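Take a look at the structure set out below.
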Amino acid sequence: MSGGYFDAASAEPLHPAGRSALISALDSAWADPARLYGAARSARLELDRARARVAAVLGVRADEVAFTTSGTQAAHLGILGSLRSRRRVGRHLVVSAVEHSSVLHAAEAHERDGGETTVVGVDETGRVDPAEFAAALRPDTALACLQSANHEVGTLQPVAEAAEACRAAKIPLLVDAAQSIGRTPVPDGWSLLTASAHKWGGPPGVGVLVVRKGTRWRSPMPDDEREGRRVPGFENVPAIVGAAAALEAFAADMSEEAARLSELVTMIRERVPATVPDVQVVGDPVRRLPHLVTFSCLYVEGEALLTELDRLGFAVSSGSSCTADTLRPSHVLEAMGVITHGNVRVSLPRGAEPSAVERFLAVLPDAVARLRAAAGVTGA
Amino acid sequence: MRFRGRSRKDEAPPQDTVPPPPAAPPGATPPLLVIDALGRKCPIPIIMLAERIREIPVGQIIAVLADDPAAHTDIPAWCRMKSQEFVWEETLPQGGWGFHVRRSY
């Protein structure tokens, strides 16, 4: 009996289209795209073509797209560069409580630098109240950040409403779209957007920072000529070419595949509480990412459950705290006020087999029961 | 802002995030049973609470002493899930919290 890979939210397996583009670009686009000889011009051409392809999928202009080395770097540059360019307006930043750690760490850096941050809370499903988000905006707000969808529980955020409030207040909105790009359309109206290629089946080491025309932005890093002066360092052109090919193919696949994965997620959302006692499925059941579901099993250590599921051949992730190197529980689950232990995140990659999901659902109840028995839980 | 994310193990639990110690609400019932889960990591405090709440009569209070920051979220969340009544929490002078729960059934 084989298992399954259900951690697409950490890394989507490399898309075949991305893989073949990457491999051929290793031979054709290795040269320095900033130079003037033939091999360099080929690399530049491939880089520009990749930029145009990504821009087309995102529905933006090519010169608004910069490639970074990761989604995290894109978030850091996007946030700190936007704050820097708007220092005269003020030093106030608005973020949601459930942003990715890259956004929250950038906010911490901003505070250490003397800035101020307002954190907007979420409801029990992990969703930001758009009215509360709008109310956090002030005349001295330099930037507001809202993810398109939550990376731990899959809840979609009210980006359109937040963008409308920001537009009315003339405040740029940065959307971390790492979890949704290629899977669900991002509502328009934002000023900056960040994403990460390995979440859509591109190679690791490629992120995207989009800065819309007319949006102020000034690099928080020492000057560098690369990527329109937005991202320092030599571009990984082969990986960028692979990322662009993967995004095009992945987004095309998802026009049908997303609905299929969503049905499998619905099945997990219904089956788990019916077969495992004392379990809570968290996140919005409807306004959610198509491929991701999170649940928490009472009285079980998250790490122990992951280890047990790994032993059975299933790769899943957890926001629980009881792991070797962390003490605090997931800030997302904490902000939602839901159980933080025994947490399992299932995120289905493209092509996930229904039979693999069935097998996972078949082994889960016993895995949980074994761990509860080992912990001396007698049925509360 | 304080990022309520992960911190390294060697850091003390960030107690500064906890609201100032609330006084016992007026007329609060003293706990009939106090269980000590200090130094125990979640889910052990929850397991102890679930096991031992059966030892007190319905309507009485059980207090769980715990210092794993996860308990701060997990005990109120457990009460909501299991329809028990979370009454109040105190901050302990030695660190950690006392969570007061009324058995509702």
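As they're listed, the protein sequences go chains A and B.
The numbering of the first sequence is my numbering, which starts it at 15 and goes up by one.
The numbering of the second sequence is my numbering, which starts it at 142 and goes up by one.
For each residue, glycine too, the CB sits at the ideal point set by N, CA and C.
As the structure is a computational prediction, the values presented were derived from the model and not from experiment.
Is the shortest distance between the beta-carbon of L323 (chain A) and the beta-carbons of chain B less than 8 Å?
Chain B contact via Cβ: absent.
From L40 (chain A) to A263 (chain A), what does the alpha carbon distance come to, in whole angstroms?
Those two C-alpha atoms are separated by around 19 Å.
When you compare the CB of I197 (chain B) with every CB in chain A, is at least one pair closer than 8 Å?
no
Please confirm whether any heavy atom of the ligand SAH lies closer than 7 Å to the CB of L319 (chain A).
Annotation note on the ligand SAH: not contained in the displayed structure, which lists no ligands.
Is it the case that the Cβ atoms of Q161 (chain A) and S115 (chain A) are separated by a distance below 8 Å?
no
Give me the Cα-Cα distance between V293 (chain A) and G390 (chain A), rounded to the nearest whole angstrom.
17 Å
Across which residues does DSSP place Q294 (chain A) in a beta bridge pair?
A:S310
So, with DSSP's three-state summary, where would you put V68 (chain A)?
helix
I'd like to know whether the C-beta of V290 (chain A) is nearer than 8 Å to at least one C-beta of chain B.
no
In this structure, does DSSP put F20 (chain A) in helix, strand or coil?
F20 (chain A) carries a coil assignment under DSSP once its states are collapsed to helix, strand and coil.
Establish whether the CB of R141 (chain A) and some CB of chain B are separated by less than 8 Å.
no
Give me the residue from A:L319, A:V167, A:G85 with the minimum Cα distance to A192 (chain A).
A:G85
CA-CA distance, G236 (chain B) and D154 (chain A)?
C-alpha separation (whole angstroms): 38 Å.
CB contact below 8 Å: E226 (chain B) versus chain A:
no
Can you find a CB in chain A that lies within less than 8 Å of the CB of W238 (chain B)?
no
Answer with yes or no whether the minimum CB distance from E315 (chain A) to chain B is below 8 Å.
Output row for E315 (chain A): interface = yes.
Chain A residues whose Cβ lies nearer than 7 Å to that of D215 (chain B):
Near D215 (chain B) (Cβ distances below 7 Å), the residues of chain A are I353, T354, H355.
Helix, strand or coil for F82 (chain B), going by three-state DSSP, please let me know.
Summary: the structure shown does not reach residue 82 (chain B), with chain B confined to residues 142 through 246, and so no result is reported for it.
Beta-bridge partners of L207 (chain A), as assigned by DSSP:
A:V189, A:V224
Selection of the stretch 178-192 of chain B by Cβ proximity to chain A, strictly under 9 Å:
K182, C183, P184, I185, I187, I188, L190, A191, E192
Note the first and the last residue of the continuous alpha helix (DSSP H) segment covering I2 (chain A).
Residue 2 (chain A) is absent from the model: chain A starts at 15 and stops at 394.
By Cβ distance below 8 Å, which residues in the same chain neighbour G104 (chain A) in space, the five residues on each side in sequence not counted?
R152, P153, D154, T155, A156
Residue burial classification, P217 (chain A) (beta-carbon count within 10 angstroms, cutoff 16)
buried
Answer with buried or exposed for I37 (chain A), where buried requires no fewer than 16 other C-beta atoms within 10 angstroms of its C-beta.
exposed
Residues of chain B with CB closer than 8 Å to the CB of L312 (chain A), please, in chain order.
P184, I187, A191, W219, M222
Taking only three categories from DSSP, how would you classify L206 (chain B)?
L206 (chain B): strand per DSSP, three-state reduction.
Using the C-alpha atoms, what's the distance from P172 (chain B) back to R181 (chain B)?
Taking the straight line from one Cα to the other gives about 21 Å.
How would you call Y313 (chain A), buried or exposed, if buried means at least 16 neighbouring beta carbons within 10 angstroms?
With 16 or more Cβ atoms within 10 Å of its Cβ, Y313 (chain A) is classed as buried.
How would you write the range of the alpha helix (DSSP H) that E284 (chain A) sits in, first residue to last?
For E284 (chain A), the enclosing alpha helix (DSSP H) begins and ends at 251-289.
Opening and closing residue of the alpha helix (DSSP H) in which D41 (chain A) lies
30-42
Cβ neighbour criterion (16 or more within 10 Å) applied to V117 (chain A)
It is buried - the Cβ of V117 (chain A) has at least 16 other Cβ atoms within 10 Å.
Looking at the structure shown, is A302 (chain A) part of a helix, part of a strand, or coil, going by DSSP?
It should be pointed out that residue 302 (chain A) corresponds to Arg in this sequence rather than to Ala. Of the three classes helix, strand and coil, the one that applies to R302 (chain A) here is strand, per DSSP.
L275 (chain A) to V360 (chain A), Cα distance in whole Å?
11 Å
T321 (chain A): first and last residue of the uninterrupted alpha helix (DSSP H) it sits in
316-325
Contacting residues, own chain, Cβ-Cβ under 8 Å from D202 (chain A) (five flanking each side not counted):
G73, A174, A177
Excluding sequence positions up to five away, which residues of its chain have a Cβ less than 8 Å from the Cβ of L94 (chain A)?
If we look at L94 (chain A) and ignore the five residues flanking it on each side, its Cβ neighbours are A120, A123, H124, P234.
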